[in-house]
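**Q** Just add 611 to the spot in the sequence shown (first one is 1) and you have the numbering used here. By construction, the Cβ of each residue, glycine as well, lies at the ideal position given by its N, Cα and C atoms. Note that the structure is a prediction, hence the values are computed from the model and not measured.
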Amino acid sequence: MSRAQCFVWAGQPLEAIPAALQALRSSCRLLGPASLRLLPIYLLLAEACTGAGRPRQAAKYLSQAQWIVLQSPDCSAALQSKLHQGLGLFSIAEGNVDQALYHLANDVYLATAEFGLNSIEVSGGYFHMANIFFHQNQMDAADSLYTEVGRTKNHPLGFYQMD
Numbered sequence: 612m613s614r615a616q617c618f619v620w621a622g623q624p625l626e627a628i629p630a631a632l633q634a635l636r637s638s639c640r641l642l643g644p645a646s647l648r649l650l651p652i653y654l655l656l657a658e659a660c661t662g663a664g665r666p667r668q669a670a671k672y673l674s675q676a677q678w679i680v681l682q683s684p685d686c687s688a689a690l691q692s693k694l695h696q697g698l699g700l701f702s703i704a705e706g707n708v709d710q711a712l713y714h715l716a717n718d719v720y721l722a723t724a725e726f727g728l729n730s731i732e733v734s735g736g737y738f739h740m741a742n743i744f745f746h747q748n749q750m751d752a753a754d755s756l757y758t759e760v761g762r763t764k765n766h767p768l769g770f771y772q773m774d
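#1: State the DSSP-derived secondary structure class of Q623, mapped to helix, strand or coil.
#2: Which residues bound the alpha helix (DSSP H) around T763?
#3: Pick helix, strand or coil for A645, following the three-state DSSP scheme.
#4: Which runs of the alpha helix (DSSP H) fall wholly inside the stretch 664-716 and span at least 4 residues, in chain order?
#5: Where does Q747 fall in DSSP's three states?
#6: Please confirm whether C686 and Y672 have their CB atoms less than 8 Å apart.
#7: Using the Cα positions of S646 and L721, report the straight-line distance between them to the nearest angstrom.
#8: Can you give the Cα-Cα distance for A634 and L656, rounded to whole angstroms?
#9: Between which two residues does the alpha helix (DSSP H) carrying L728 extend?
#10: Suppose you measure from the CA of C617 to the CA of L700; what does that come to, to the nearest Å?
#11: Would you report the Cα separation of G664 and Q696, rounded to the nearest angstrom?
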C-alpha cells in the first residue's frame, strides 16, 4: 500500500490505483473481506479514484469502507475519523459542501476524542473546513478554523504554546 500512497502524494492518482488494488486483493485473502484493517486501503482507493476523475469508483470504495465500519462495533474513533475525512474530501470534490462540512466536523470530533484537542490528527478536518469557508467568502469562519490549525501541537505551521 505504501507504493500506492506515494503515487497519490506525488499527484499521480491513476498510477496509485493498480498498486492499491493489489494491496486490497492480498489483504482480503489474508484478513477476510470485512476486516477493519482494509479500511485504509479502501480510503486510499477512494482518494486515488477521486483524483483520477473516477467518482463512481471512489463512491463504491467509500461505501465499502462505511459498511466495514458499520459492521465493526469495536472500530476506533481514529478509523472513524479517517472515514469521515475521506467522505468529506469526496463531498468537496463532488461540490456538496454541506455534506462535506458534516463529515469534516465528524472527523474533527472523532479525532479530538481519540487524540486530544491539540493533536495534529485534528488539524486536517479544521483545514479542509477552513478552505470551504474561505471559498464561500466567509472569512471570519475561515480565519477561526485556520487559527485552530495553527494551534495544533507539532504542526509544521503551528504556533502551539504550552499553557
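**A** The relevant details are as follows:
#1: Here residue 623 corresponds to residue number 12 of the sequence shown, with the count starting at 1. It is coil, neither helix nor strand.
#2: Locating residue 763 in the sequence shown gives position 152, where the first residue counts as 1. Careful: T763 lies outside any alpha helix (DSSP H) and carries neither H nor E.
#3: Stepping through the sequence shown from its first residue, residue 645 is reached at position 34. Three-state result, A645: coil.
#4: 666-681, 688-704
#5: Numbered from its first residue, the sequence shown carries residue 747 at position 136. Correct three-state label for Q747: coil.
#6: One-based indexing of the sequence shown puts residue 686 at position 75. One-based indexing of the sequence shown puts residue 672 at position 61. No, Cβ-Cβ distance for C686 and Y672 is not below 8 Å.
#7: Position 35 of the sequence shown, counted from the start, is the residue given in the question as residue 646. Position 110 of the sequence shown, counted from the start, is the residue given in the question as residue 721. Going by the C-alpha atoms only, they are around 20 Å apart.
#8: Within the sequence shown, residue 634 is the residue found at index 23, counting from 1. Within the sequence shown, residue 656 is the residue found at index 45, counting from 1. A634 and L656: Cα-Cα distance of roughly 10 Å.
#9: Within the sequence shown, numbered from 1, the residue matching residue 728 stands at position 117. No alpha helix (DSSP H) holds L728; DSSP gives it neither H nor E.
#10: As a first step, residue 617 is located in the sequence shown; it is residue number 6 there, counting from the start. As a first step, residue 700 is located in the sequence shown; it is residue number 89 there, counting from the start. Spanning the two alpha carbons is a distance of roughly 19 Å.
#11: The residue given as residue 664 occupies position 53 in the sequence shown. The residue given as residue 696 occupies position 85 in the sequence shown. Cα to Cα, the separation comes out at about 19 Å.
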